[in-house]
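Structure first, commentary second.
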Amino acid sequence: MTTRYNKWVVIAVTTTLLLTTPLWVLVSFLFEPGNENWLHLVDTLLPEYIINSLWLMFGVTIGSLTLGVSSAWLISQHDFFGKKILHWALLLPLAMPAYIIAYTYTGLLEFEGPVQSTLRAFFDPQTVNAWFPEVRSLQGAIVMLSLVLYPYVYLLARTAFSGNTQQIMNASRTLGAGPYRRFFVIALPMARPAVVAGVTLALMETLADFGTVQYFGVPTFTTGIYRTWTGFGDTTTTAQLALLLLAFVSILIAIELWSRKKAEYFAQGTKSASLPATKLSGHKSGLAFMVCLIPVAFGFLIPATQLLTWSIQNAETGFNSEFLTLIWNSFHLAAITAIVAASIALLLAYVQRIHNSRTTRLSKRIVTLGYAIPGTVIAVAVMIPFAWLDNTLDSWMRNTFNISTGLLLSGTLFALVFAYTFRFLSISLQTVESGLKQIKPSMDDSARTLGANRWTILLKIHLPLLNRSLLVAFLLVFVEVLKELPTTLILRPFNFNTLSVKAYEMASDERLADAGLPALLIVLTGLIPVILLSKAIGKSHV
Amino acid sequence: MKIFLTGFITLVLSLPVYAAVEEVNIYSARKEQLIKPILDRFEKQSGIKVNLITGKADALLKRIETEGTNTPADILITTDAGRLHRAKTAMVLQPAITPDIEKIVPSNLQDPDHYWIGLTTRSRIIVYAKDRVKPSELSTYEALSDPKWKKRLCIRSSNNIYNQSLVASMIVHKGEQSTEDWAKGLVKNFARKPKGGDRDQIKAVAAGQCDIAVVNTYYLAQMLNGKDSTQKKAAEQVAVFWPNQNDRGAHINISGIAITKASKNKENALKLIRYLLSPEAQTWYAEANNEYPVIKEATLSKTLKSWGQFHSDSLNLKELGEYNSQAVRIMDRAGWR
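As you go down the protein sequences, you meet chains A and B in turn.
All you need for the working numbering is the position in the first sequence, starting with 1, plus 5.
All you need for the working numbering is the position in the second sequence, starting with 1, plus 738.
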């Protein structure tokens, strides 16, 4: 009983409470009376928001599962043509901001775009118009989001498939289980926590997406939130709508927890010599190559080529020294946040492992909510407590010492990193947790019987085993921060630009050609850790 | 370590010096590429350091609100009048625009209580496919709801502030009920679900997906002047129609500027506003985005000149802000997504 209020639990809970201040700010709006804008929304648009958001979630689940799991399975268990490159290339779409990919495909596939125009030149224009699918639609949004979000599923599933699961896979193979049986009976159920975690991340990001659905004219929760704010100038209804969105997400998380409870598989934490991957040859190798190439091609190669072509042909300004500053700004913000988020994730996941109580479980769940809140809402919810703190301190200092301290934290990079951490902690937590899940608790017990204390267990046993998950957590948050837009836009200090801000300012002016270069640079900057970490992950692979 | 320490001390020591420099801090909803060059020029001429954050108008306004009396912002720049009105209602502005500034800008383009003033104007016009529509078929915004345009009209989403402002102006002129009837008729004429930006609507007209579209002047002008040859070709296939020339005139909006209540550099802010309204700055500022300058001495861009003179709605633009929420509700009820 006493262990429940152990100092680590206190630290974890305090961290959670501090980090989730924005959430409590939002919740405080719940107590404000609903106004006529609510009634208006319920009468007109709310049903549409809910239905569209549900369809979007359903579609992205199917899309990201199909692309992510199939490629992860092929890469982790087989040897085939091009695997060495595809192994990390499959991560590339992650660095592509969803709204940018939406813009590029619209340019390619819209009525007046090159693809339809070419088709009309060769076939009967009436037939082409009738049959060609509209890219700017709900279906289009599902495809766009699936293309950039499947890497979550891929990465987490791949880690699970090639992690400790490997040992059982090897045993089953020696016992003569065929590939399909191995996949459906052993690998998939064992990787389920990881796969579900990946899908949950993809869905939370889907719910928070604004750029794509806005451009495609699909009214969802996020566009509704934004519209209520800008159209009515009504912060209360905006916050309440955001809370409704959070209720949605809580259901999602509950489902995830339920699914995990049904599958609390712990794998052996020992390392084993793995059998070589199944070698595919001939047409099988070609088929595997194609399956893994498709997501890379559509999620990265085609849009990146389009961006490059646009920026070469039409950009008004080329690469100049300003871009070096932009790259540096984006890079160091992303790196700092990724380290902070990974450390806090480790703390929370670990405290929960050693003191599994309702308090720790709950606090860990609450911090993950940030990921599904649209960036704009988070930014405002971060701004309010920071400004309050600054202003309160300022007036106290004025009254007491007659010194004005002004705004100490608001409008600084600290506020920005704080907001990012709240928003993206879910990613690092899911990743670290699913890594920790693969380390059997009995191992801790044996270690403790042998006289090791908690620190020794953490440093000597868990951290080396978690190595890969931590790297993945770092990478994912890094790339997310690189492409993050709304929070950066609102909270940044004076004269501080990032690549995503630059890309957005051009794209929102419908100057896609000029958005091409900064967008490509986001991808290239994101590539650095992808490649480095792929190498590191490859090395730690035993 | 030593380097860091030295760096840190230098930084701390340099802070007071930095603060003593004459400066002016801007929160701007106008994009960096459309404002930075002229701010740089101001900085050079006046020696006043200009600090800039760009973002979406509502977010910037919220930031000024929450930062309260300690906000570093001296100036708010928006790209529509409605937001300036909203900022005024939120009590974050001060009535600081001086008479010498007010007298050079037409009175409907500024707040009667001296809170904000317009820097450029743009009109929301009708464009039509040259080969399929005769200009004589067009007349007013009101007539766009005529069933003869069924499945022939393209316009962007009602999320867009310029559509909200247009509808707000209709409410002022025609009343709420007839505006709602009009909006319902308009929605029936949509050739497709609203999507994309104004440039997309022009491209759709050029591609034959619709025959007419409602867009802001500068989008068309930029397509005509940009490097992108497909966009240029599309823009050349449409022509400009100035609506309501026989009655109230074409709907216009502004990009405008205001001084915050908590401004600590009010004099510098006023200097900047005066500069932005000088013929030199107005010519550049308007041309950068192909907008109309608000002072007569500035020259129009070539494209705008070629479109000729037009009669614009003289409604005081603060009304656009006042009727914004009602406009949004009407559009929602009309099914304008």
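Note that the Cβ used here is the ideal one computed from N, Cα and C, for glycine as well.
Model, not experiment: these values are computed from the prediction.
Run through DSSP, which three-state label would residue i get?
| i | result |
| --- | --- |
| S151 (chain A) | helix |
| D84 (chain A) | strand |
| I842 (chain B) | coil |
| Q848 (chain B) | strand |
| E761 (chain B) | strand |
| F483 (chain A) | helix |
| V14 (chain A) | helix |
| V976 (chain B) | strand |
| L831 (chain B) | strand |
| V871 (chain B) | coil |
| T314 (chain A) | helix |
| S335 (chain A) | helix |
| S1050 (chain B) | strand |
| T25 (chain A) | coil |
| G291 (chain A) | helix |
| N991 (chain B) | strand |
| L257 (chain A) | helix |
| V382 (chain A) | helix |
| W136 (chain A) | helix |
| L412 (chain A) | coil |
| I864 (chain B) | strand |
Go through its chain and collect everything with a Cβ distance to residue i's Cβ below 8 Å, but skip five positions before and after it.
| i | result |
| --- | --- |
| L193 (chain A) | V74, V200 |
| G274 (chain A) | The pLDDT assigned to G274 (chain A) is 44, lower than 50, so where the model puts this residue is not dependable, and the model offers no usable value. |
| Q947 (chain B) | C892, A929, R930 |
| I1068 (chain B) | V905, I909, E914, T917, E918, A921 |
| K89 (chain A) | none |
Quick one: what's got a C-beta closer than 7 Å to residue i's C-beta in the same chain, skipping five residues either side?
| i | result |
| --- | --- |
| A293 (chain A) | L79, H83, F85, L285 |
| T26 (chain A) | P390 |
| A425 (chain A) | In the sequence under discussion, the amino acid at residue 425 (chain A) is Tyr, which differs from the Ala named in the question. Excluding residues within five positions, the ones whose Cβ falls inside 7 Å are T342, V486, E489, T492. |
For residue i versus residue j, is the C-beta spacing smaller than 7 Å?
| i | j | result |
| --- | --- | --- |
| R768 (chain B) | E515 (chain A) | no |
| V437 (chain A) | A354 (chain A) | yes |
| N982 (chain B) | A973 (chain B) | no |
| S316 (chain A) | T503 (chain A) | no |
| A94 (chain A) | V301 (chain A) | yes |
| V158 (chain A) | V204 (chain A) | yes |
| M149 (chain A) | T66 (chain A) | no |
| L152 (chain A) | F303 (chain A) | yes |
| S895 (chain B) | G222 (chain A) | yes |
| L161 (chain A) | A103 (chain A) | no |
| S1016 (chain B) | A1007 (chain B) | no |
| I786 (chain B) | W1022 (chain B) | no |
| V871 (chain B) | W1074 (chain B) | no |
Could you tell me whether any Cβ in chain A is nearer than 7 Å to the Cβ of residue i?
| i | result |
| --- | --- |
| A797 (chain B) | yes |
| R768 (chain B) | no |
| N789 (chain B) | yes |
| G681 (chain B) | Here chain B covers residues 739 to 1075 and nothing more, so residue 681 (chain B) does not appear. |
| Q963 (chain B) | Looking at the sequence provided, one finds Asn at residue 963 (chain B) rather than Gln. No, no contact with chain A. |
| K971 (chain B) | no |
Can a CB atom of chain B be found closer than 7 Å to the CB of residue i?
| i | result |
| --- | --- |
| D399 (chain A) | yes |
| F116 (chain A) | yes |
| S415 (chain A) | yes |
| R187 (chain A) | no |
| T405 (chain A) | no |
| G411 (chain A) | yes |
| E37 (chain A) | no |
| G531 (chain A) | no |
| E515 (chain A) | yes |
Tell me which residues share the same chain as residue i and place their Cβ nearer than 6 Å to its Cβ, disregarding the 5 neighbours each side in the sequence.
| i | result |
| --- | --- |
| G380 (chain A) | P491, T492 |
| A524 (chain A) | I105, L312, A508 |
| F271 (chain A) | Since pLDDT at F271 (chain A) reaches only 49, below the 50 mark, its modelled position is unreliable, and the value read off the structure follows with that caveat. Around F271 (chain A): K445. |
Check whether the Cβ of residue i sits closer than 6 Å to any heavy atom of the ligand SAH, and report yes or no.
| i | result |
| --- | --- |
| R141 (chain A) | With respect to small molecules bound, the structure shown includes none, and the ligand SAH cannot be examined in it. |
Q) Using Cβ-Cβ distances below 9 Å, what residues of the segment 975 to 1000 of chain B are close to chain A? A) none
Q.
If the cut-off is 9 Å on Cβ atoms, which residues from the segment 870 to 898 of chain B count as contacting chain A, listed in chain order?
A. R894, S895, S896, N897
**Q.** Contact set between the segment 485 to 508 of chain A and chain B, restricted to residues whose Cβ is under 9 Å from the partner
**A.** P491, L494, I495, L496, R497, P498, F499, N500, F501, N502, V506, K507
Q) the segment 216 to 238 of chain A: which residues have C-beta closer than 8 Å to a C-beta of chain B, in chain order? A) Q219, Y220, F221, G222, P224, T228, Y231, R232, W234, T235, G236, F237, G238
Q. Looking at chain B, which residues of the segment 376 to 388 of chain A have a Cβ within less than 8 Å of any of its Cβ atoms?
A. T381, A384, V385, M388
Q. What residues from the segment 802 to 819 of chain B come within 8 Å of chain A, judged by C-beta to C-beta, listed N to C?
A. T804, E805, G806, T807, N808, T809, P810
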